[in-house]
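**Q** Below: one structure in structure tokens.
Number of protein chains: 2
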Amino acid sequence: MMAAQQNGLAIIAGRGDLPKLLAEECARRNEPYLVIGFGNAALKWAVDHPFETAQFEKAGALFDTIRNAGCTRVVFAGSMSRPSLNPLKYDWKFTKLAPRLLKSLGAGDDETLRTIASVFNEEGFEIIGADSILENLVAKRGIPSKRQPSEIDRTDANRAREIVTQLGQVDVGQGCVVANGICLALETIQGTDAMLDFVAQTAAPYRHNADAGVLFKAPKPHQDRRIDFPAIGTDTIHAAHRAGLNGVVVPDGGALIIDLQETVKIADELNLFLWIQGGDE
Amino acid sequence: MMAAQQNGLAIIAGRGDLPKLLAEECARRNEPYLVIGFGNAALKWAVDHPFETAQFEKAGALFDTIRNAGCTRVVFAGSMSRPSLNPLKYDWKFTKLAPRLLKSLGAGDDETLRTIASVFNEEGFEIIGADSILENLVAKRGIPSKRQPSEIDRTDANRAREIVTQLGQVDVGQGCVVANGICLALETIQGTDAMLDFVAQTAAPYRHNADAGVLFKAPKPHQDRRIDFPAIGTDTIHAAHRAGLNGVVVPDGGALIIDLQETVKIADELNLFLWIQGGDE
């Protein structure tokens, strides 16, 4: 039996458009790849691509599947809920890994992802960042929307950046909403949309100046960008609009923008700004 | 005209039971005092006490009212929403103070309170902490509930403490919820109850082990404890229960417990623990 081609890419696919974009890019480049979905995650788009499902508890089977498909590289893309693990389903490999993985679950998000990345490394796989494959999606400095941030928006964005940077030191969240200097929400495990829903429910006394508020999103300072790079897109703009915000800010080079053109179009339609902020701004 | 008695206490009354307890304590000690309510805040209990309403925009009138009642000391008690200020109503005093106050509004919660405290100081009033009057309400180390924290609860409490301490550096929040090491919510301007409601809405994937979760509440590290000391009580226990948590943790000496006996009783009924945590635990 011939060895399978040995430079394939396994796409560990979570929610959102990012895994689909990666799969499409691999197809376009005519490079070998395999999309992997977990449990009952809805991945309708995957029918157009080489696709396998996997279970967290069957780590041995997962590694075999990836190897058998000729994949030596792995990319994690899109958010994934923490699984409800059933110990009765553990295979031998997962049983061995479980103590380490479960311990990391208690130490924060980033630590969990770092542990998972180490496990893949030890199995001989190289971890690739989505941003290195989809370079053209990495946000580049500028304000491509028609609306431009006001002085208050700029002050709010800088306060939000300060808060997110601080919070990142304890491995929590990638995002925050600030309006008129007041922090209205901080991102926790439920993600950006849940945070923006919370803001949308925040009543008038805390938001007496209605025309204020920015969403800031950035990688955590010590984050392994290969495995959890922030991504925004049209959904983010819609959610920010529902939350009554003026705009969305990400740092230069610090986020993927899924379909920049469409994202700017929606921002313009809803009169929000999109600001890819340089470190010196 | 004789000078009014010059050691009275003005109780700037926000929400919750704390201002009422202060008024009752002053009445019990037979010391002069005056309860001050703002705008349309519901202070039904105040009919039993010397009471005046005030408006934020009429700062000059407010200071006169306090002075005329013979109050030289001021205590801020209970949370208050940020007011919707109407510049047409500003009196001369507020017009002078407005630039400074509005600037501090944009620099965070604590800064706003510090500025307000300075203004009262400059007017010749002494700011008193609620904890110095209601010393018996300051939480003292121990676990007075029947339920005791598990090892996981203890790990969660320490992670929560770490997060709140970090967040305090940027003057945000006094509370946080951690379950199985995962941060489920961080307190922002909307307060503890809104945070716990958010947690109550957090769906299963993020909380696969249902029997986990603590609310941690503490003063910010650089906070002026005289003007925003955390307080908990039966409401906090009820809200923590609705959020599916195991217990509530406050630091030794770091919070007022409004009616400890009743709070412990409710905690026991709902099978939550109440832990007043020493710094070395």
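Same order as they appear, the protein sequences are chains A and B.
Just so we're aligned, residue 1 is where the first sequence starts under full-length UniProt numbering, counting upward by one.
Just so we're aligned, residue 1 is where the second sequence starts under full-length UniProt numbering, counting upward by one.
Ideal Cβ positions, reconstructed from N, Cα and C, are used throughout, including at glycine.
For Leu88(A), count neighbouring Cβ atoms within 10 angstroms of its own Cβ and tell me buried if that reaches 16, exposed if not.
**A** exposed
**Q** Since I believe His241(B) is in contact with Leu270(B) (beta carbons under 8 Å), could you give me their beta-carbon distance rounded to a whole number of angstroms?
**A** 4 Å
**Q** Using 8 Å for Cβ pairs, my map puts Ala218(B) next to Gly254(B). What's the rounded Cβ distance?
**A** 5 Å
**Q** Could you tell me which chain A residues have their CB closer than 8 Å to the CB of Asn246(B), listed as they occur along the chain?
**A** Per Cβ cutoff of 8 Å: no residues; Asn246(B) is ~15 Å from chain A at best.
**Q** Taking 6 Å as the limit between beta carbons, can you name the residues of its chain near Gly14(A), skipping five residues before and five after?
**A** For Gly14(A), where only same-chain residues beyond five positions count, the Cβ hits under 6 Å are Gly78, Ser79 and Met80.
**Q** Mind listing the chain B neighbours of Ile182(A)? Cutoff is C-beta to C-beta under 7 Å, in chain order.
**A** Under a criterion of Cβ atoms nearer than 7 Å, the residues of chain B adjacent to Ile182(A) are, in order, Ile189.
**Q** So which residues of chain A does Val249(B) contact, with C-beta pairs closer than 9 Å?
**A** Near Val249(B) there are no residues of chain A at all, since even the closest Cβ is about 16 Å away, more than 9 Å.
**Q** Can you look up Phe63(A) in the DSSP assignment and give me helix, strand or coil?
**A** helix
**Q** Closest to Ala65(B) by C-alpha separation, out of Lys96(B), Arg100(B) and Ile11(B), would be which residue?
**A** According to the sequence provided, residue 65(B) is Thr. The question's Ala does not apply to it. Considering only alpha carbons, the answer is Ile11(B).
**Q** By how many angstroms is the C-alpha of Gln169(B) removed from the C-alpha of Lys103(A)?
**A** 28 Å
**Q** At the level of alpha carbons, what is the spacing between Ile133(B) and Ala185(A)?
**A** 33 Å
**Q** I'd like to know whether the C-beta atoms of Asp156(A) and Val178(A) end up nearer to each other than 7 Å.
**A** Yes, the Cβ-Cβ distance between Asp156(A) and Val178(A) is below 7 Å.
**Q** Within 7 Å of any Cβ in chain B, is that where the Cβ of Ala212(A) sits?
**A** It does not; no Cβ of chain B falls within 7 Å.
**Q** Which value, in whole angstroms, describes the spacing of the CA atoms of Thr263(B) and Ile182(B)?
**A** A straight line joining the alpha-carbon of Thr263(B) with that of Ile182(B) spans about 27 Å.
**Q** Under a CB-based cut-off of 7 Å, is Leu105(A) close to chain B?
**A** yes
**Q** Taking Cβ positions only, does Thr192(B) come closer than 7 Å to chain A?
**A** It does not: the Cβ of Thr192(B) has no partner Cβ on chain A nearer than 7 Å.
**Q** From Gly173(B), Pro50(B) and Val75(B), pick the residue whose C-alpha is nearest to that of Phe125(B); which is it?
**A** Val75(B)
**Q** Spell out whether any CB of chain B is found under 7 Å from the CB atom of Tyr206(A).
**A** yes
**Q** Out of Asp91(A), Thr115(A), Trp92(A) and Lys93(A), point me to the one whose CA is closest to Arg100(A)'s CA.
**A** Thr115(A)
**Q** Please classify Gln277(B): does DSSP put it in a helix, a strand, or coil?
**A** For Gln277(B), the secondary structure class from DSSP, reduced to helix, strand or coil, is strand.
**Q** With distances taken from CA atoms, which of Ile36(A), Asp110(A) and His238(A) is nearest Pro230(A)?
**A** Asp110(A)
**Q** Please compile the residues from chain B whose C-beta is within a distance smaller than 7 Å of the C-beta of Leu215(A).
**A** For the C-beta of Leu215(A), not a single chain B residue is nearer than 7 Å; the gap to the nearest is close to 14 Å.
**Q** Would Leu196(A) pass as an interface residue toward chain B - the criterion being a Cβ-Cβ separation below 7 Å?
**A** no
**Q** Could you tell me whether the region 192-200 of chain A touches the region 32-51 of chain A, where touching means 3 or more Cβ pairs closer than 8 Å?
**A** no
**Q** Any idea what DSSP makes of Thr188(B), helix, strand or coil?
**A** coil
**Q** Use the C-beta contact count for Met1(B): other C-beta atoms within 10 angstroms, 16 or more gives buried, fewer gives exposed.
**A** Because Met1(B) sits at a pLDDT of 37, beneath the cut-off of 50, its placement in the model cannot be relied upon, and the following sentence gives the value as read from the coordinates. Met1(B) should be labelled exposed.
**Q** Taking Cβ positions only, does Gln55(B) come closer than 7 Å to chain A?
**A** no
**Q** Tell me whether the beta-carbon of Gly8(B) lies closer than 7 Å to the beta-carbon of Ala69(B).
**A** yes
**Q** What are the start and end residues of the alpha helix (DSSP H) that includes Ile266(A)?
**A** Leu260 to Leu270
**Q** If you measure from the beta carbon of Val35(B) to each beta carbon in chain A, is any gap under 7 Å?
**A** no
**Q** Is the separation between the beta-carbon of Phe216(B) and that of Cys176(B) shorter than 7 Å?
**A** yes
**Q** Mind checking whether Ala139(B) and Ile276(B) have CB atoms under 7 Å apart?
**A** Here Ala139(B) is near Ile276(B), since their CB atoms are less than 7 Å apart.
**Q** Do you know offhand how far Thr188(B)'s Cα is from Glu187(A)'s?
**A** In a straight line, the C-alpha of Thr188(B) is about 11 Å away from that of Glu187(A).
**Q** Given a cut-off of 7 Å on the beta-carbon distance, is the pair Val214(A) and Gly247(A) in contact?
**A** yes
**Q** What is the residue span of the beta strand (DSSP E) that Gly164(A) lies within?
**A** A small correction: the amino acid at residue 164(A) is Val; Gly does not occupy that position in the sequence shown. Careful: Val164(A) lies outside any beta strand (DSSP E), inside the alpha helix (DSSP H) at Glu151 to Gly168.
**Q** How is the alpha helix (DSSP H) around Thr234(A) delimited, first residue to last?
**A** Thr234 to Arg242
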